[in-house]
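Quick notes on the structure that follows.
Protein chains in written order, with our numbering: chain A, 1 to 437; chain B, 438 to 874.
Structure below.
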């Protein structure tokens, strides 16, 4: 019998999960600071809600089956289609509608290192409004997440679908013909100019005479977003799509600068975002110190998607946090607590008889806001100290027969290796101030 | 096409989910205060991990199917069997092992009012120790949850499997013959003495001459747990199982009294808990003011269960919170925030041109720890005020052209209906102190 985790899936053991949970709690806090409440949708949906939404490749990855009532059902593949379903089903939801959702999604991908068939998605979306303010708000939230985690060196790289379409027009491509060109453009920084020219030359209908203008725009390396915008205007300004994209991005820059996050924002005309459903602003977030991690937060405006079920046009913009990438990056950068145990204090159980005294002391410590664990058994004190050491619990309180009589405790600082007989309230002070003695 | 939530499932819209998420955050906090970190296991398990664990009826309710790789898989039915699987698979997990898990489980039950096929379970368990301290800790955590929510009038009703087995022996039943008797005993307070006598009379092998002693024990209405224990001792004291159960419960009482929660604990020899896998302490929690809600936290010691895969004996005790019942009760008792919007302030977007000023003010408010939403579009101010009203956002800040020039804001208290032109920092003070003017 297979007593093991299902292939392609994984457990998050308490040590790692504690840190992940704390990270998620911080993210929720940031979302709520900006006026976003959570939404929860079921793990299972009618299959027909999900089919036809993710392309042929995506659809193959659905966990789809017949339930006990012979309904054709599937586990959710992302959080956007369920959001669209909720908006259509609960027609009286007021607009503008804000929500975040942090929840697992399931995709039967080929398992690979770091890729699992169940993973957490973390989306925040603002529905019902197409405005520079709505666009800018996503960048403000993204920057607030980074600030919350103490990340200072990163760039929000911004582009606009209008710029991309104008670039496509430069090479004679429009509408559905844009796809291949944009997909190759998105890889430009990986494959380089030569390979880019070579790959796009295979696109039917491509007017290669416009490629120099395109490359002049997308290879502009300026870090000053206003400069990039005027450079785009110089090269593409005659295109009406480019003009309105530049206008929108200018307004967005005005707002993000006023919100104090201008220094993190760069315009990058090469960012195409793989997905064809973006209709306006698009953005990705890269860490200066860990570029190899890839984008840790991405998103954009997708005005034609969430209205798919209701038939109404429903403008929408969202940002999606790459929780696993962000978690990895925070660990690498030492910006996440490494303790695998929430308790700051272990109260030793000296003997069965002294259990009430230990629990009384633990209650007192918790009352002071100190996370406290009581060792659940009267084992040898040495063993209990080893447990504290192994679990990374920094302080230990022992109440033996002598201490019980005198109303004191033995207070041990595990890192310092020091031990003193003091009152419980002095122990509280030491823990709160972090002083050794 | 069915654009609707799957039958038997439900969405939690942002208003309700915000409150639920906050409740869960409090519960996590309490668990961590006691030294419990979270565990996360996948939604899907190999079917053979789950089959044979929940009885025939339970097994019929599994969401079981073949995945794309033709594996026989099922959605988790509870959090206990996955815990047992984790303990067997990760053999080097140190003992004592503590974890909590808050996660949805799936059961294809017949839908009914308030019963859904996906619901949240919330379990905290302590593995590897059989001791009075471990038993008492569960009651301490349970009481801490209640305290965290401001619930003062409730009872932790406690019993011990040894008492129940001794009661069964009184009527000549032992081992597997206990089941039917205990199931009927568990209903005693609902069906009454007469119907109880009638129903148990059908049990094969029942020695009815012992029924009076049984009823003398279980109908003892004393609220003093020590009195109940001596009453049990008087009636069942010659039974070795009863003797050690009384001994254990006495030690537990010593501890919970020292931990300051003695007043919430009652011994109730009639509590049998439906599940046959309990081996020691069992408990349920009832609200004095809402007894009809049923037990909001239950659990017990189950020493033979989590070792099922590893073959090792692994003592365990746990408590399970009835999240939905507790949420309902807290709402009924007015102990949960009713705001459906996390924002305390709405910053109006007076015009497209003033968007930077609005975002700057919002950043300032958030910096002061005040959850702030910017209206994402330059709509009519009246419309934006109505939105604040409808969303339950208590304060509104307006920065029009005049205020922009003067460096002031219009500060509106929605409840008071007052509006004043003040500085942003004065607005911060008013929001933090809750004063109207």
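We treat Cβ as the ideally placed atom computed from N, Cα and C, and that holds for glycine. Nothing here was measured: the structure is a model prediction, and the numbers come from that model.
CB contact check: residue i to chain A, cutoff 8 Å
| i | result |
| --- | --- |
| residue 766/B | no |
| residue 559/B | no |
| residue 865/B | no |
| residue 651/B | no |
| residue 740/B | no |
| residue 563/B | yes |
| residue 588/B | no |
| residue 566/B | yes |
| residue 827/B | yes |
| residue 438/B | yes |
| residue 645/B | no |
| residue 451/B | yes |
| residue 793/B | yes |
Within chain A, the residues that residue i reaches when beta carbons sit closer than 8 Å
| i | result |
| --- | --- |
| residue 448/B | 39, 40, 41, 42, 86, 89, 90 |
Enclosing alpha helix (DSSP H) for residue i [first to last residue]
| i | result |
| --- | --- |
| residue 687/B | 677 to 695 |
| residue 497/B | 492 to 497 |
| residue 181/A | 178 to 186 |
| residue 804/B | 792 to 804 |
Chain B residues whose Cβ lies nearer than 9 Å to that of residue i
| i | result |
| --- | --- |
| residue 148/A | Residues of chain B passing the Cβ test: none, with the nearest at roughly 11 Å. |
| residue 63/A | 481, 502, 504, 505, 510 |
| residue 118/A | 479, 480, 481 |
| residue 172/A | Neighbours of residue 172/A on chain B: none; closest Cβ ~35 Å, over 9 Å. |
| residue 321/A | Chain B residues near residue 321/A: none, gap ~17 Å exceeds 9 Å. |
Residue range of the beta strand (DSSP E) that includes residue i
| i | result |
| --- | --- |
| residue 755/B | 753 to 758 |
| residue 451/B | Note, residue 451/B: premise wrong, no beta strand (DSSP E); alpha helix (DSSP H) at 451 to 470. |
| residue 509/B | 509 to 512 |
| residue 118/A | 118 to 127 |
| residue 541/B | 534 to 543 |
| residue 502/B | 501 to 503 |
| residue 738/B | 734 to 738 |
CB contact below 8 Å: residue i versus chain B
| i | result |
| --- | --- |
| residue 138/A | no |
| residue 23/A | no |
| residue 341/A | yes |
| residue 235/A | no |
| residue 57/A | no |
| residue 309/A | yes |
| residue 156/A | no |
| residue 416/A | no |
| residue 349/A | yes |
| residue 7/A | yes |
| residue 326/A | no |
| residue 197/A | no |
Residue i: contacting residues in chain A (beta-carbon distance under 9 Å)
| i | result |
| --- | --- |
| residue 471/B | 342, 343, 362, 366, 371, 372, 373, 374 |
| residue 441/B | 46, 49, 85, 88, 89 |
| residue 533/B | 375, 376, 377, 387 |
Counterpart residues of residue i in DSSP-defined beta bridges
| i | result |
| --- | --- |
| residue 372/A | 345/A |
| residue 160/A | 281/A |
| residue 641/B | Per DSSP, none; premise fails for residue 641/B. |
| residue 702/B | 593/B |
| residue 418/A | 413/A |
| residue 475/B | 537/B |
| residue 45/A | 74/A |
| residue 581/B | Paired residues: none, contrary to the question. |
| residue 835/B | 847/B |
| residue 766/B | Answer is none; residue 766/B lacks a bridge partner. |
Contact set between residue i and chain A, taken where Cβ atoms lie within less than 7 Å
| i | result |
| --- | --- |
| residue 796/B | 136, 140, 255, 258, 259 |
| residue 548/B | What residue 548/B touches in chain A: nothing, since even the nearest Cβ is about 10 Å away. |
Proximal chain B residues relative to residue i, where beta-carbon distance stays under 8 Å
| i | result |
| --- | --- |
| residue 99/A | 451 |
Contact between the stretch 222 to 232 of chain A and the stretch 263 to 270 of chain A (3+ Cβ pairs under 8 Å):
Touching, yes, given that three or more Cβ pairs across the two stretches are closer than 8 Å.
Segment contact, 8 Å Cβ cut-off, at least three pairs: the stretch 367 to 382 of chain A with the stretch 463 to 481 of chain B:
Contact holds: three or more Cβ-Cβ distances are below 8 Å.
Contact between the stretch 719 to 738 of chain B and the stretch 760 to 770 of chain B: three or more CB pairs below 8 Å?
Below 8 Å, enough C-beta pairs join the stretch 719 to 738 of chain B and the stretch 760 to 770 of chain B to call them touching: three or more.
Touching or not, the stretch 779 to 794 of chain B and the stretch 127 to 140 of chain A, by the rule of three or more beta carbon pairs under 8 Å?
Result yes; three or more Cβ-Cβ pairs closer than 8 Å.
Inter-stretch contact (C-beta, 8 Å, three-pair minimum) for the stretch 543 to 555 of chain B and the stretch 519 to 527 of chain B:
Per the Cβ contact rule, the stretch 543 to 555 of chain B is not in contact with the stretch 519 to 527 of chain B (fewer than 3 Cβ pairs under 8 Å).
Would you call the stretch 13 to 30 of chain A in contact with the stretch 336 to 345 of chain A, where contact means no fewer than 3 C-beta pairs closer than 8 Å?
With the cut-off at 8 Å, the stretch 13 to 30 of chain A and the stretch 336 to 345 of chain A touch.
Mind the definition here: the stretch 665 to 684 of chain B touches the stretch 614 to 630 of chain B only if three or more C-beta pairs lie below 8 Å; say whether that holds.
Counting C-beta pairs closer than 8 Å gives fewer than three between the stretch 665 to 684 of chain B and the stretch 614 to 630 of chain B, which falls short of the contact rule.
Would you call the stretch 411 to 428 of chain A in contact with the stretch 385 to 399 of chain A, where contact means no fewer than 3 C-beta pairs closer than 8 Å?
With a cut-off of 8 Å, the stretch 385 to 399 of chain A and the stretch 411 to 428 of chain A count as touching, because enough Cβ pairs lie within range.
Should the stretch 207 to 214 of chain A be called in touch with the stretch 168 to 176 of chain A, which here means at least 3 C-beta pairs below 8 Å?
By the criterion of at least three beta-carbon pairs nearer than 8 Å, the stretch 207 to 214 of chain A is in contact with the stretch 168 to 176 of chain A.
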